[in-house]
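Trainee:
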Amino acid sequence: MALPADYESTLADYEYSHPLLAHDGPWTLDEVMALPEDSSQRVELVDGSLIMSPIGNLRHQRLLFRIASAFDAACPPGLEALPGLNLKISGTRMLIPDFTVNVAGEEGLLLPAAQLVVAGEVLSPSNRVNDLVLKRKLYADAGIPFYLVVDPEGGEVTATMFELRAGQYVEAARSEGGVLKLKRPFPVTIELSP
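Taking the working numbering, the leading residue of the sequence shown gets 2, the next gets one more, and so forth.
1. At 3 residues or longer, and completely inside the segment 101-142: list those beta strand (DSSP E) runs for me, N to C.
2. Opposite Met53 in the DSSP bridges: which residues?
3. On the CB-based measure, 16 or more other CB atoms within 10 Å of its CB, does Val150 come out buried or exposed?
4. Does DSSP classify Ala75 as helix, strand or coil?
5. With a cut-off of 8 Å, do at least 3 Cβ pairs link the segment 119-130 to the segment 51-71?
6. Could you give the DSSP three-state label for Asp31: helix, strand or coil?
7. Going by the C-beta, is Arg60 closer than 7 Å to any heavy atom of the ligand GTP?
8. With respect to the beta strand (DSSP E) encompassing Phe187, which residues constitute its N-terminal and C-terminal limits?
9. Along the chain, where does the beta strand (DSSP E) containing Pro84 start, and where does it finish?
10. Spatial neighbours of Leu96 within its chain, please: CB distance less than 7 Å, with the 5 preceding and 5 following residues excluded, ordered by chain position.
11. So, is Pro188 buried or exposed, given that buried needs 16 or more other C-beta atoms within 10 angstroms?
12. Which residues share a DSSP beta bridge with Asp152?
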């Protein structure tokens, strides 16, 4: 089968008209924040490089909603739980946690890492290594006090809460029987399975 005569020029036009393909050199935070919104993927920035991942599947989204809702209902005054916000780690690093517990009432497109109490990630096949290694390190380096990792793979959904101590995350709580019971940063019980 022959390709249409204008195929190559059409592809070239697309490649150089799409903002993610036409960029030369390291990305800046301002350039990433100026990209058009795209609800099909997340675009994060780490030291000039973009990390792109698809939005989680429906099971992932339901679990994320359940966890963020439980946290939000239990938040003490002055805190709120939110899904997927732009978190400014530094001038060259911007991540999008699946959910956060943060200082309430902030405005704008970027939330400074200093406003976070909990960064949370629901693992999926496309982001597992980033969440377990890279993001864990970057959140710790940013001084975020708690990091919650939820793993829906396998039989039972599991969750592990890590607390920052001496610059490293150490396990502070683990789910049992599909339920996560936390005492810190504030008391909350989260049913991980419907």
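Each residue gets a CB set at the ideal place from its N, CA and C atoms; glycine is no exception.
Mentor: Reading off the structure:
1. 117-123
2. As a working mapping, residue 53 is identified with position 52 in the sequence shown. Val44, per the DSSP bridge assignment.
3. In the sequence shown, the residue the question calls residue 150 occupies position 149. Burial call: buried.
4. The residue given as residue 75 occupies position 74 in the sequence shown. Three-state DSSP puts Ala75 in a helix.
5. yes
6. Position 30 of the sequence shown holds residue 31. DSSP places Asp31 in helix when its eight states are reduced to three.
7. Among the components modelled here there is no ligand, and therefore nothing to report on the ligand GTP.
8. In the sequence shown, residue 187 corresponds to position 186, counting from 1. First-last for Phe187: undefined, no H or E at that position.
9. Here the question's residue 84 lines up with position 83 in the sequence shown. Judged by DSSP secondary structure, Pro84 falls within the beta strand (DSSP E) whose first and last residues are Leu80 to Pro84.
10. In the sequence shown, the residue the question calls residue 96 occupies position 95. So the qualifying residues of the chain are Glu45, Leu88, Ile90, Lys136 and Leu139.
11. Counted from its first residue, the sequence shown places residue 188 at position 187. So Pro188 ends up on the exposed side.
12. The count along the sequence shown starts at 1 and reaches residue 152 at position 151. DSSP, once it has assigned bridges, lists Thr159 as partnering Asp152.
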